[in-house]
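Here is the structure we will look at.
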Amino acid sequence: METERQLLEAINNGERAALHRLYDRYSGYAMAVALRYVPQHDEVHDVMQDSFVNILTTINGFNYRGEGSLKSWICRIVANKAIDHLRQQERFRPTDDVPDEAEEEEPDIGKVPPDALTEMIGRLPANYRTVLNLYVFEEYSHREIAQRLGIKENTSSSIFFRAKKMLTRMMKEYIKQEET
């Protein structure tokens with residue numbers, strides 16, 4: 003299999019087929035990232051198109067930092083385009099409420115298949131889903147999330163807490179249904 007470095011060298015040498023290989027290699031992964039933020043399939047195609055236009059037009063400026071860095075760079079672009087899409091659709095509504103409830107006991111996540119978990123995340127409100135994805139999957143700190151989304155740091159923490167609580171309830175309901 004062609005390494006990221008080899009693929010980038012082919013792209014930088016003007017090999018048009020290399021752009022197709024890039025798309026074929028990373029489009030599935032990029033789609034999964036986009037669906038974490040924008041679960042509506044008809045809208046995720048817009049995010050994918052915007053993302054790959056950006057990727058293909060800026061790839062020559064990409065700074066290779068070792069195997070995996072290209073995939074990470076693509077993921078970052080897709081996540082940013084998805085967040086921009088949510089903002090344009092005015093689906094991201096931050097809140098400054100700080101929860102005062104105690105955390106619930108977490109369910110056994112091993113009992114929830116990945117596709118069911120993805121579907122549950124997709125049912126979260128857009129702001130909950132966005133903060134959860136940035137914190138858990140993109141590994142942003144609450145400070146970085148706050149800066150990226152234009153909210154307060156404690157708002158990011160609050161939204162994450164609420165998202166986690168809602169997801170916990172969904173997983174418990176799923177597990178209960180599967181056991182009966």
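Going by the numbering used here, the letters in the sequence shown line up with residues 3 to 182, in that order. Cβ coordinates follow ideal geometry from the N, Cα and C atoms, glycine included. All figures in this text were calculated on a predicted structure; none of them were measured in a lab.
- Message: On the CB-based measure, 16 or more other CB atoms within 10 Å of its CB, does serine 74 come out buried or exposed?
- Response: Within the sequence shown, the letter at position 72 stands for residue 74. Flag for serine 74 reads exposed.
- In chain order, what residues of the same chain lie with their CB nearer than 7 angstroms to the CB of proline 109, ignoring the 5 residues before and after it? Working through the sequence shown from its first residue, we reach residue 109 at position 107. Cβ neighbours of proline 109 beyond the five flanking positions: Thr170, Met173, Lys174, Ile177.
- Task: Answer with buried or exposed for histidine 144, where buried requires no fewer than 16 other C-beta atoms within 10 angstroms of its C-beta.
- Result: Position 142 of the sequence shown, counted from the first residue, corresponds to residue 144. By the 10 Å Cβ count, histidine 144 comes out buried.
- Message: List, from N- to C-terminal side, the alpha helix (DSSP H) runs of 4 residues or more that fit wholly inside the segment 136-165.
- Response: Within the segment 136-165, the complete alpha helix (DSSP H) runs of at least 4 residues are 144-151.
- Item | Cβ neighbours of valine 35 in the same chain (closer than 7 angstroms, five flanking residues each side left out) | Within the sequence shown, residue 35 is the residue found at index 33, counting from 1. Excluding residues within five positions, the ones whose Cβ falls inside 7 angstroms are Cys77, Val80, Ala81.
- Message: At the level of alpha carbons, what is the spacing between aspartate 117 and isoleucine 13?
- Response: As a first step, residue 117 is located in the sequence shown; it is residue number 115 there, counting from the start. As a first step, residue 13 is located in the sequence shown; it is residue number 11 there, counting from the start. Between aspartate 117 and isoleucine 13, the C-alpha separation is close to 34 angstroms.
- Item | Nearest neighbour of glutamine 51, chosen from Ala84, Asn62, Ser158 [CA to CA] | Working through the sequence shown from its first residue, we reach residue 51 at position 49. Checking every option, the nearest Cα to that of glutamine 51 belongs to Ala84.
- Message: Quick check on the burial criterion: 16 or more other C-beta atoms within 10 angstroms. Buried or exposed for isoleucine 111?
- Response: Working through the sequence shown from its first residue, we reach residue 111 at position 109. Counting the other CB atoms within 10 Å of its CB gives isoleucine 111 a total below 16, which places it among the exposed residues.
- By how many angstroms is the C-alpha of glutamate 107 removed from the C-alpha of tyrosine 130? Here residue 130 is taken as the residue at index 128 of the sequence shown, counted from 1. Here residue 107 is taken as the residue at index 105 of the sequence shown, counted from 1. So the two alpha carbons sit approximately 19 angstroms from each other.
- Query: Which residue comes first and which comes last in the alpha helix (DSSP H) that contains valine 80?
  - Reply: Walking along the sequence shown from the start, residue 80 turns up at place 78. Start and end: 71-90.
- Item | Neighbourhood of alanine 20 by C-beta distance below 7 angstroms, restricted to the same chain and skipping five residues each side | Here residue 20 refers to the residue found at position 18 when the sequence shown is read from its first residue. The answer, listed in chain order, is Leu9, Ala12, Ile13.
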